[in-house]
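Engineer: Have a look at this one before I ask anything.
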């Protein structure tokens with residue numbers, strides 16, 4: 129946002145020419161807001177002259193400069209009328225219409241017709257204008273929470289406090305006029321949507337002498353890249369940039385019903401705007417209406433049907449306080465963000481609307497424009513309570529870490545327009561602070577806000593630099609390291625890719641799986657109809673990922689470490705879960721045992737001895753019952769793993785394939801701690817290894833047989849299953865081969881001892897129904 133230093137000093141008692149601008153900018157940055165840059169602008173008037181339109185033809189205009197006693201032929205422009213004055217550039221060789229750039233603006237906008245008294249037209253106007261100025265660009269983002277800084281007067285208040293100068297009272301810039309909420313003869317006003325507009329003010333001017341733009345106002349608006357049109361319109365923009373309060377001037381003769389109200393628009397109602405576009409309104413748009421017809425998009429842009437023009441004879445002035453959220457959404461919905469909406473979005477001072485109307489009258493009188501106006505300003509809406517903040521002196525000192533006199537605190541706050549009442553309570557100084565309305569909408573609310581106001585003006589550089597204390601405490605990082613180990617193993621050890629899915633079921637995927645979750649948490653205000661329930665399992669997410677990627681890849685390995693939610697009675701339970709899938713369409717096709725072997729490597733890494741148990745009835749419909757197992761640890765089920773039914777695989781992946789899926793209780797994995805291991809010295813004596821192959825009933829598990837073999841003799845160090853297979857003719861039997869290692873820590877095993885141990889192993893296996901092969 130650009131500001132003019134000359135304009136700022138309209139409101140400050142002081143000489144702008146004596147200001148060190150660089151120092152002011154630096155101090156403003158440290159106390160108030162960021163400044164993106166500043167520059168000095170100077171008007172080069174040597175080539176400028178005012179010229180009167182004498183003749184207009186089909187493609188050109190003849191103008192005459194009384195200053196230079198010379199006629200110019202210029203290209204035709206739509207707003208030219210005989211007798212109007214325009215600023216032109218005469219460089220000697222060429223002449224052209226002047227643009228806003230000549231006065232220091234950046235945007236190259238054509239200057240409008242200009243009003244100038246006959247006495248100044250011969251060149252004396254050059255001595256009456258501001259020859260130079262400083263344009264300062266304030267970073268908009270740094271004043272989002274300061275609606276009072278979106279106008280020159282609010283900025284002048286801050287700068288006056290910085291420079292220890294006095295702010296001129298507002299009464300010097302307004303025409304005093306009483307307010308009323310009584311019904312008037314000319315117009316009837318109403319706020320039909322108080323949620324969208326809490327304050328509304330209006331004043332009817334039955335007659336006003338419309339004039340072209342005045343040069344001093346054109347110069348200031350041009351420097352801030354604001355387009356000039358004519359005086360009646362320019363004055364509204366000038367006041368918005370001056371006080372930070374947007375307002376609008378309607379051509380009063382263009383109203384039909386004379387019943388003006390603030391209301392929500394009708395759906396699909398059309399509104400032609402000042403920028404020439406016509407928009408289709410919705411019932412969420414706030415508008416100003418003439419009867420039941422929308423004539424202005426409230427807080428954003430006026431309508432074309434009641435627009436002011438050079439022929440306007442009467443004016444209705446309107447200034448209001450609109451809801452910032454409604455204005456922001458309306459501007460975004462119609463892509464019509466304006467200088468007005470930018471200010472309303474910040475929640476400006478609700479009590480500035482009548483000041484804006486009185487300021488408009490002041491500008492009319494200052495410009496010498498004759499007008500008549502109703503006796504009183506119509507002011508509707510409720511008055512909010514004053515914001516009062518109480519804070520103790522010791523609280524301010526403790527927060528800032530410095531000793532500061534009460535007089536200094538009161539002086540700072542008074543300069544910023546706070547009203548401060550000092551008292552003694554329990555032997556301590558206490559301040560009762562009345563927050564001005566322009567700081568109470570979204571800025572000053574709590575005691576810490578007062579501390580900030582004091583702190584920024586005594587200077588953050590003066591605060592003691594103290595390193596924050598950071599007491600160190602021992603922390604249990606077991607869960608962090610366990611998570612890291614699991615993810616690292618899955619990503620690099622098993623070459624799996626980690627996925628991050630939504631916390632909600634994809635309802636389209638749930639329907640495709642022909643399954644409904646139980647004990648789920650339902651969302652009251654879902655972001656979409658497709659995401660209404662929080663996930664109770666991660667498996668549908670991973671099955672969806674397989675289906676989406678199986679077209680491009682023959683082998684896929686995914687895992688997801690995320691949270692799931694369940695309802696347990698009236699309570700919601702949040703848990704961590706680890707889910708993974710192995711998908712293969714190659715000739716080797718993954719099966720239950722290869723999937724189990726891969727997953728078992730993770731449990732070996734965690735040193736967790738798990739037992740694979742026959743699955744129960746709580747499986748998902750896509751699990752194959754006889755190829756799915758429950759994973760047990762210390763007698764507790766911690767997850768499941770198994771094959772996905774071929775019909776589901778075909779539904780997800782038209783090319784087919786085999787799919788192994790697992791899901792494990794993540795919280796259990798994180799809470800599990802590896803058993804402490806003690807170093808055992810390596811045996812000085814060699815071990816003996818033997819293999820045994822058996823034929824046994826299919827119902828007997830490998831874990832059972834391994835435990836049987838280990839319990840034969842304490843000198844059996846390890847037992848591992850190294851092979852298994854079955855044949856159709858064996859019916860309910862299978863072949864298994866175990867590798868057994870025997871070792872004695874005290875001596876070398878003799879053949880007699882080895883045979884004795886081995887005979888015991890054979891005997892125990894035969895007791896289990898095994899046939900030695």
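Residue numbers (my numbering): 129 to 901. Cβ coordinates follow ideal geometry from the N, Cα and C atoms, glycine included.
Measure the Cβ-Cβ separation of residue 136 and residue 179 and say whether it is below 8 Å.
Structural biologist: If you number the chain shown from 1, residue 136 lands on position 8. If you number the chain shown from 1, residue 179 lands on position 51. No, these two residues do not count as a Cβ contact at 8 Å.
Engineer: Given residue 854, which residues of its chain have a CB within under 8 Å of its CB, disregarding the five upstream and five downstream residues?
Structural biologist: Along the chain shown, one-based indexing puts residue 854 at 726. So the qualifying residues of the chain are 826, 861, 862 and 863.
Engineer: What residue from 389, 173 and 372 has the CA that sits closest to residue 315's CA?
Structural biologist: Stepping through the chain shown from its first residue, residue 315 is reached at position 187. Answer by Cα proximity: 389.
Engineer: With a threshold of 16 other CB atoms inside 10 Å of the CB of residue 809, please say whether the residue is buried or exposed.
Structural biologist: Translated into the one-based positions of the chain shown, residue 809 becomes position 681. Residue 809 is exposed by the Cβ-count criterion.
Engineer: To the nearest angstrom, report how far apart residue 552 and residue 290 are at their CA atoms.
Structural biologist: Reading the chain shown from its first residue, position 424 is the one you call residue 552. Reading the chain shown from its first residue, position 162 is the one you call residue 290. For residue 552 and residue 290, the distance between alpha carbons rounds to 29 Å.
Engineer: For the beta strand (DSSP E) holding residue 608, just list the boundary residues, first then last.
Structural biologist: Residue mapping note: residue 608 aligns to position 480 of the chain shown, counting from 1. From DSSP, residue 608 is part of no beta strand (DSSP E) but of the alpha helix (DSSP H) over 606 to 616.
Engineer: Just the C-alpha distance for residue 141 and residue 362, rounded to the nearest angstrom, thanks.
Structural biologist: Sequence index remark: in the chain shown, residue 141 carries index 13 (1-based). Sequence index remark: in the chain shown, residue 362 carries index 234 (1-based). Rounded to the nearest angstrom, the two C-alpha atoms are 26 Å apart.
Engineer: Give a yes or no on whether the C-beta atoms belonging to residue 446 and residue 376 are separated by under 8 Å.
Structural biologist: Translated into positions along the chain shown, residue 446 becomes position 318. Translated into positions along the chain shown, residue 376 becomes position 248. In this structure, residue 376 lies closer than 8 Å to residue 446 by Cβ.
Engineer: With C-beta atoms as the reference, is residue 763 less than 8 Å away from residue 793?
Structural biologist: Position 635 of the chain shown, counted from the first residue, corresponds to residue 763. Position 665 of the chain shown, counted from the first residue, corresponds to residue 793. No; because the gap between Cβ atoms is not below 8 Å, this pair is not in contact.
Engineer: Whole-angstrom Cβ separation of residue 497 and residue 339, contact assumed at under 8 Å?
Structural biologist: In the chain shown, the residue the question calls residue 497 occupies position 369. In the chain shown, the residue the question calls residue 339 occupies position 211. 6 Å between Cβ atoms; contact.
Engineer: Is DSSP giving residue 355 helix, strand or coil here?
Structural biologist: In the chain shown, counting from the first residue as 1, residue 355 sits at position 227. In this structure, residue 355 counts as coil in the three-state DSSP scheme.
Engineer: Among the residues of its own chain, which have a CB less than 8 Å from the CB of residue 248, if the five just before and after it don't count?
Structural biologist: Against the chain shown, residue 248 aligns to sequence position 120. Same-chain partners within the cutoff: 256.
Engineer: Classify residue 771 as helix, strand or coil using the three-state DSSP reduction.
Structural biologist: Your numbering for residue 771 matches position 643 in the chain shown. Here residue 771 sits in strand by DSSP.
Engineer: Exposed or buried, what is residue 297 when buried is set at 16 or more other beta-carbons lying within 10 Å of its beta-carbon?
Structural biologist: Counted from its first residue, the chain shown places residue 297 at position 169. Residue 297 comes out exposed.
Engineer: In the region 138 to 175, which residue ranges form an unbroken beta strand (DSSP E) of at least 3 residues, counting only runs that do not cross its ends?
Structural biologist: The qualifying runs are 163 to 170.
Engineer: Considering only their Cβ atoms, is the gap separating residue 422 from residue 405 smaller than 8 Å?
Structural biologist: Your numbering for residue 405 matches position 277 in the chain shown. Your numbering for residue 422 matches position 294 in the chain shown. Result no, Cβ atoms of residue 405 and residue 422 do not sit closer than 8 Å.
Engineer: Return the chain-ordered list of same chain residues with a C-beta closer than 6 Å to the C-beta of residue 469, the five sequence neighbours on each side being excluded.
Structural biologist: By one-based count along the chain shown, residue 469 stands at place 341. Closer than 6 Å at the Cβ level, and outside the excluded window around residue 469, lie 427, 428, 455 and 459.
Engineer: For residue 424, which residues of its own chain have a beta-carbon under 6 Å away from its beta-carbon, when the five flanking residues on both sides are left out?
Structural biologist: Taking the chain shown and counting its residues from 1, one reaches residue 424 at position 296. Contacts found: 416, 430 and 431.
Engineer: Leaving out the 5 sequence neighbours to the left and right, which residues in its chain are closer than 7 Å to residue 326 when beta-carbon positions are compared?
Structural biologist: Position 198 of the chain shown, counting from 1, holds the residue named residue 326. Cβ within range, chain order: 449, 478, 509 and 510.
Engineer: How far does the beta strand (DSSP E) with residue 506 in it reach, from first residue to last?
Structural biologist: Here residue 506 refers to the residue found at position 378 of the chain shown. Residue 506 -> beta strand (DSSP E) spans 505 to 509.
Engineer: Determine the burial state of residue 697: buried for a count of at least 16 other Cβ atoms within 10 Å of its Cβ, exposed for fewer.
Structural biologist: Indexing the chain shown from 1 puts residue 697 at position 569. With fewer than 16 Cβ atoms within 10 Å of its Cβ, residue 697 is classed as exposed.
Engineer: Quick one, are the C-beta atoms of residue 350 and residue 228 less than 8 Å apart?
Structural biologist: On the chain shown, residue 350 is found 222 positions in, with the first residue counted as 1. On the chain shown, residue 228 is found 100 positions in, with the first residue counted as 1. Yes, Cβ-Cβ distance for residue 350 and residue 228 is below 8 Å.
Engineer: Spatial neighbours of residue 876 within its chain, please: C-beta separation below 7 Å, excluding the five flanking residues on both sides.
Structural biologist: The residue given as residue 876 occupies position 748 in the chain shown. 813 and 814, listed in sequence order.
Engineer: What number of angstroms, rounded off, separates the C-alpha of residue 224 from the C-alpha of residue 381?
Structural biologist: Here residue 224 refers to the residue found at position 96 of the chain shown. Here residue 381 refers to the residue found at position 253 of the chain shown. Distance between the alpha carbons of residue 224 and residue 381 is about 36 Å.
Engineer: Please name the residue, chosen from 732, 251, 516 and 787, that lies closest to residue 174 on a Cα-to-Cα basis.
Structural biologist: Your numbering for residue 174 matches position 46 in the chain shown. Nearest option by C-alpha distance: 251.
Engineer: Label residue 776 either buried or exposed according to how many other C-beta atoms from any shown protein chain fall within 10 Å of its C-beta, with 16 as the threshold for buried.
Structural biologist: Within the chain shown, the letter at position 648 stands for residue 776. Counting Cβ neighbours within 10 Å, residue 776 comes out buried, since at least 16 surround it.
Engineer: Take residue 819 as the anchor and find which of 730, 190, 847 and 811 has the nearest alpha-carbon.
Structural biologist: Your numbering for residue 819 matches position 691 in the chain shown. The option with the nearest alpha carbon to residue 819 is 847.
Engineer: Leaving aside the five residues before and after residue 845 along the sequence, list all residues of the same chain whose C-beta is less than 6 Å from its C-beta, in chain order.
Structural biologist: By 1-based counting over the chain shown, the position of residue 845 is 717. Excluding sequence neighbours, residue 845 sits near 869 and 871.
Engineer: Consult DSSP for residue 758 and reduce its assignment to one of helix, strand or coil.
Structural biologist: Locating residue 758 in the chain shown gives position 630, where the first residue counts as 1. Three-state DSSP puts residue 758 in a strand.
Engineer: Does residue 722 come out as helix, strand or coil in the three-state DSSP assignment?
Structural biologist: As a position in the chain shown, residue 722 is number 594, starting the count at 1. It is helical.
Engineer: I'd like the span of the alpha helix (DSSP H) that includes residue 796, first residue to last.
Structural biologist: Taking the first residue of the chain shown as position 1, residue 796 is located at position 668. Residue 796 -> alpha helix (DSSP H) spans 794 to 799.
Engineer: Less than 8 Å separating the beta-carbons of residue 263 and residue 232?
Structural biologist: Here residue 263 is taken as the residue at index 135 of the chain shown, counted from 1. Here residue 232 is taken as the residue at index 104 of the chain shown, counted from 1. Cβ atoms of residue 263 and residue 232: closer than 8 Å.
Engineer: Since residue 617 and residue 730 should fall inside the 8 Å C-beta cutoff, what is the C-beta to C-beta distance between them, to a whole number of angstroms?
Structural biologist: The residue you call residue 617 lines up with position 489 of the chain shown. The residue you call residue 730 lines up with position 602 of the chain shown. Between residue 730 and residue 617 the Cβ distance is about 6 Å, and since that is below 8 Å, they are a contact.
Engineer: Apart from the five residues on each side of it in sequence, which residues of its chain come closer than 8 Å, Cβ to Cβ, to residue 139?
Structural biologist: Working through the chain shown from its first residue, we reach residue 139 at position 11. These residues qualify, in order along the chain: 280, 281, 284, 285, 288, 295, 296 and 301.
Engineer: Report all residues from its chain with a CB closer than 7 Å to the CB of residue 588; omit the five preceding and five following residues, and keep chain order.
Structural biologist: Here residue 588 is taken as the residue at index 460 of the chain shown, counted from 1. Excluding residues within five positions, the ones whose Cβ falls inside 7 Å are 158.
Engineer: To which residues does DSSP link residue 520 through a beta bridge?
Structural biologist: The residue given as residue 520 occupies position 392 in the chain shown. Partner(s): 558.
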